[in-house]
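Presented below is the structure to which this report refers.
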Amino acid sequence: MSSNTILLVEDNRDYQELIRLAFNESEIEHNLVIVSDGIIALEYLFGTGSFRDRDLNIMPDLVLLDLNLPQLNGLEILQRIRANPITRLLPVTIISSSLEPEDIINGYVYGCNSYIHKPVDFTMLKNFVKEITYYWLIINQAPPYFGALNE
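Residue 151, in the working numbering, is where the sequence shown stops; the numbers in between run on with no holes.
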């Protein structure tokens, strides 16, 4: 059963707020969880640290991952997501200001499902949120047991 949870891993507070505003205008019901660095993202995903009481049977339906983060960068987080059987099938979209071919290639090599240049204009950001939530939360068929602890 889908929880329509989206995990945003983004360290820029201003961009966090813009994304939150864009998601608030979304017509699709969702639960937006925002974390500011890679360590906190992994704590959330694996139920450790301040998230040790989180129900690990409910995983995000989508991870929106910035590349340039404190503690661990986006590629390091992606590697750990893909290396763990609990999280390896999670849909991960990198959202980055970088259009460097090396960053894009590495994103896909490490297992991202999508790489999107960060929208900077609020209208473009609202369209991005509308399209990405519609695709990942409505159209996409996730594996029936992704995130299951019994695998």
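Built from N, CA and C at the ideal position, the CB exists for glycine as well.
Checklist entry - So, helix, strand or coil for residue 133, using DSSP? => result In the structure shown, residue 133 sits in a helix (DSSP, three-state: H, G or I).
Item to check | Same chain only: Cβ atoms within 7 Å of residue 39, ignoring 5 sequence neighbours per side | outcome: Closer than 7 Å at the Cβ level, and outside the excluded window around residue 39, lie 71, 72.
Checklist entry - Count the other CB atoms within 10 Å of the CB of residue 61; is the residue buried (16 or more) or exposed (fewer)? => result Buried.
Next on the checklist: For residue 115, list the residues DSSP reports as bridge partners.
Outcome noted: DSSP lists 94 as partners of residue 115.
Checklist entry - Apart from the five residues just before and just after residue 148, which ones in its own chain have a Cβ nearer than 6 Å to its Cβ? => result Per-residue confidence for residue 148 stands at a pLDDT of 46, beneath the threshold of 50, marking its modelled position as unreliable; the derived number appears in the next sentence. Answer for residue 148: no residue qualifies.
Item to check | Proximity to residue 64 [Cα-Cα], best of 29, 15, 123, 57 | outcome: Out of 29, 15, 123, 57, the CA that lies nearest to the CA of residue 64 is found in 15.
Checklist entry - Smallest Cα separation from residue 36: which of 10, 59, 49? => result If we check each option's Cα against that of residue 36, 10 comes out closest.
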